[in-house]
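Undergrad:
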């Protein structure tokens, strides 16, 4: 019943993460009701996304820079620390906190904690960045690799898998601390979290 | 920290209905991870939305047809009934049910049930379509106007407002029945719904 | 770890509808923290519930009266109408609305819409109350039986089942109207609700 | 409309934590529908709660024992460590994890993080238990006091308040570690949690 273009856009928006048909429909009619300017700007930026945004050759972060991204090219960063993350949003949240002075590498995401999925992680890509960062234009001299993964089943399986694949390298491998988060309550904490919170108390 | 284009798109998607910054961010990285084809198709269809999709001159439904939309131009529709709805999604849900054989008119949405908002409704547009549909290329001869609005505070204020503005016309004005919805439970029904469900029992 | 009595009470409260172990635990410690008076009053009223509250012989509503409940004994009620409900809370919500002047009968609840569960409904109990209310001390002369059941799968299966079992009696059997509830939106209405709302429009 | 006893019980259950009128009503009719045995057992255990359950003189845990509770009287516990918790459920969750070998003390709960509420904490009670546990029949010799409070605004304000009030005592005061909980995701972690998770990494 909807015109072909409306139908097609509902279909496309329905594939966006977390978006069902109802929300997708609302998006299209929202766009139809906005001033022309809004739709034009969306189109223009999507074209830029397609043509101008690329992955940084070292860390794989999205960037519009010619060579390295603004983190990898920054001489003030601590070149002895490399933080592995699963997706760019994780890198962003760490950067915003200002806690980490080193460099990053974004792994390609895995969809499940299965052995088969784990094997999609290109370990050679990680090892190359640790052993020979100069190849990518980065003067790193990494002494510590931080696995900054979610504490989900997937993130933790990955932690074990990668730690194992890197253990022959002359670097320290560390993981974030498990504990009670800001706002968390003891009554709703699981046993494992509580144990770590007690063990690392101070 | 995100590249300019990514930031701008997060900003634009954040204005989509029901979308916050987190979801908007996920949308952008979802697009970056899709095959090029997906992004191209989205852009292409947004351009079509901008250039090919217009409002039907009679009912205001979105359409890619030259003149009237496929409902208004359909000679098999019942030209004695006109159903007023608040938005195209409502028209769609009624059409899908197959219950209504007549024509429609989509009012421009109001944002609140205030008198001021009500007055944004262009009553003359509605009256013209009832009195003189031929002017818009529709051979209607309307005997019944159905106000198919939500049973929210806004929808009901609107119902009263519009009924009042049309009462001098020689047409019957009717409203949808209030009752217990499919799946509804008595224990969670409010008094008003229950009263109507008892009164219209049969 | 908790003392025996605390453990046992957590167990008992966990069987309350919708209550898990966490809430049940909170209940017990809430009771331990209240003034002694609160716990005493709870115990006293639970003893009353056990000893003084019984079911009305006609309608099965809970009552502390000797014979009939205050509805069944009220000579001002309309003795031509009998409303069947599934549970006392439904009777209560109808009474509060003030819409129904007749008498009630509370069926024993069924747990699922299966044929087997339906057959637990004691149809003879219902027929006896319609045909021979005097036997229970009620001077009814029922002309209309209203099936006021939820519009859930269970409630509707029951409606069909009971209607069928009563159809030989010289009474009109009616059901509540399906429609859009107060506060409901067209966009979120299912097809069946919408159809009924259109059919019963006025 | 409900009988007096039913009404009164709905009122009482409505004061239970997290329970509204609807749930309270369901509780009462649930009790009316159970076998007599269930209600009898509830009453009996509530009477036991009133008469047999008391607070341990040292740790304030609920107990049916004559003198100390089973933790405080256990000679195998580590008598150099005292863990302060806000409520018995927190003690229980720590005991279940098996991580903590020492003794406990349950503070009386405060309702808000305001200075006024803080002052309701009986600091002298805590100091007495640290300095002179023998007075309560416990042969403790505490070297470490662990503040095991929620990481909510209230729990943290309390942590600061109590630490300050105990700092003159010759004991180490420690707090649980903040970090990412089991199941937690970086993207949804706040800055403070992330900082602590990085700082305590290993």
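Chains as they are written, first to last, in my numbering: chain A, 986 to 1187; chain B, 986 to 1187; chain C, 986 to 1187; chain D, 986 to 1187. Beta carbons: idealized from backbone N, C-alpha and C, even for Gly.
With a Cβ-Cβ cutoff of 9 Å, do residue 1091(C) and residue 1070(C) count as a contact?
TA: yes
Undergrad: With DSSP as the reference, label residue 1048(B) as helix, strand or coil.
TA: strand
Undergrad: Bridge partners of residue 1089(D), per DSSP?
TA: 1068(D)
Undergrad: Taking only runs of the beta strand (DSSP E) that begin and end inside the stretch 1094-1157 of chain C, which ones reach a length of at least 3 residues, in chain order?
TA: 1129-1132
Undergrad: Can you name the start and end residues of the alpha helix (DSSP H) that residue 991(D) belongs to?
TA: 989-999
Undergrad: Would you say residue 1001(C) lies against chain D (beta-carbon separation less than 9 Å)?
TA: Judged by the 9 Å Cβ criterion, residue 1001(C) is in contact with chain D.
Undergrad: Give a yes or no on whether the C-beta atoms belonging to residue 1065(D) and residue 1126(D) are separated by under 9 Å.
TA: yes
Undergrad: Taking Cβ-Cβ distances shorter than 9 Å, what residues in chain D pair up with residue 1011(C)?
TA: For residue 1011(C), the chain D residues whose Cβ falls inside 9 Å of its Cβ are 1001, 1002, 1003 and 1074, in order along the chain.
Undergrad: In chain order, what residues of the same chain have a beta carbon less than 7 Å from the beta carbon of residue 1156(C), not counting five sequence neighbours either side?
TA: 1115, 1127, 1128, 1129 and 1130
Undergrad: Got a sec? Which residues, its chain only, sit under 8 Å from residue 1124(B) by beta carbon, not counting five neighbours each side?
TA: 1064 and 1118
Undergrad: In the DSSP assignment, what are the bridge partners of residue 1163(A)?
TA: 1165(D)
Undergrad: From the DSSP output, which residues share a beta bridge with residue 1039(A)?
TA: Residue 1039(A) is bridged to 1048(A).
Undergrad: Say whether chain D places a C-beta atom closer than 9 Å to the C-beta of residue 1178(A).
TA: yes
Undergrad: Using beta carbons (cut-off 9 Å, strictly below), is residue 1084(B) in contact with chain A?
TA: It does not: the Cβ of residue 1084(B) has no partner Cβ on chain A nearer than 9 Å.
Undergrad: Quick check on the burial criterion: 16 or more other C-beta atoms within 10 angstroms. Buried or exposed for residue 1233(A)?
TA: Any property of residue 1233(A) remains undetermined from this structure, which presents chain A solely from 986 to 1187.
Undergrad: Quick check on residue 1133(C) - is its C-beta less than 9 Å from some C-beta in chain B?
TA: yes
Undergrad: Beta-carbon within less than 6 Å of residue 1012(B)'s beta-carbon, same chain only, minus the 5 sequence neighbours each way: which residues are those?
TA: 998
Undergrad: Considering only residues of the same chain and omitting the five flanking positions on each side of residue 1077(C), which have a CB-CB separation below 6 Å?
TA: none
Undergrad: Evaluate residue 1060(B) with the Cβ neighbour count: other Cβ atoms within 10 Å of its Cβ, from every protein chain shown; 16 or more gives buried, anything less gives exposed.
TA: exposed
Undergrad: Residue 1134(C) and residue 1160(C): beta carbons closer than 9 Å?
TA: yes
Undergrad: State buried or exposed for residue 990(D), treating a residue as buried only when at least 16 other CB atoms are found within 10 Å of its CB.
TA: Buried: at least 16 other Cβ atoms inside 10 Å.
Undergrad: Are the beta-carbon atoms belonging to residue 1174(B) and residue 1182(B) less than 9 Å from one another?
TA: yes
Undergrad: For residue 1148(D), collect the residues of the same chain with a Cβ closer than 6 Å to its Cβ; drop the 5 residues on either side in sequence, then sort them by chain order.
TA: 1158
Undergrad: To the nearest angstrom, report how far apart residue 1111(B) and residue 1168(C) are at their CA atoms.
TA: Using only the alpha carbons, I get a separation of about 25 Å.
Undergrad: Let's see if you can read the secondary structure: which residues bound the alpha helix (DSSP H) around residue 1017(B)?
TA: 1006-1018
Undergrad: What is the DSSP secondary structure of residue 1081(B), reduced to helix, strand or coil?
TA: helix
Undergrad: Kindly list, in the order they appear in chain B, the residues whose Cβ is closer than 8 Å to that of residue 1038(A).
TA: Within chain B, the residues near residue 1038(A) are 988, 990, 991 and 1017.
Undergrad: Check the Cβ of residue 1026(C) against every Cβ in chain D and list those closer than 7 Å, keeping chain order.
TA: The contact set of residue 1026(C) on chain D, defined by CB atoms closer than 7 Å, consists of 997 in chain order.
Undergrad: Measure the Cβ-Cβ separation of residue 1008(B) and residue 988(A) and say whether it is below 9 Å.
TA: no
Undergrad: Between residue 1169(A) and the ligand ATP, is the CB less than 8 Å from at least one heavy atom?
TA: As presented, the structure is devoid of all ligands, the ligand ATP included, so that no description of it is given.
Undergrad: If residue 1166(A) and residue 1166(D) are in contact, beta carbons under 8 Å, what's the gap, nearest whole angstrom?
TA: 5 Å
Undergrad: Using beta carbons (cut-off 9 Å, strictly below), is residue 1136(A) in contact with chain D?
TA: yes
Undergrad: Please report the distance separating the alpha-carbon of residue 1051(C) from that of residue 1139(D).
TA: Straight-line spacing of the CA atoms in residue 1051(C) and residue 1139(D) works out to 53 Å.
Undergrad: Please say whether residue 1002(A) and residue 1121(A) have beta carbons closer to each other than 9 Å?
TA: no
Undergrad: Thinking just about the alpha-carbon of each residue, which of 1082(C), 1137(C) and 1072(C) is nearest to the one in residue 1106(C)?
TA: The option with the nearest alpha carbon to residue 1106(C) is 1072(C).
Undergrad: In whole angstroms, give me the CA-to-CA distance for residue 1037(C) and residue 986(C).
TA: 37 Å
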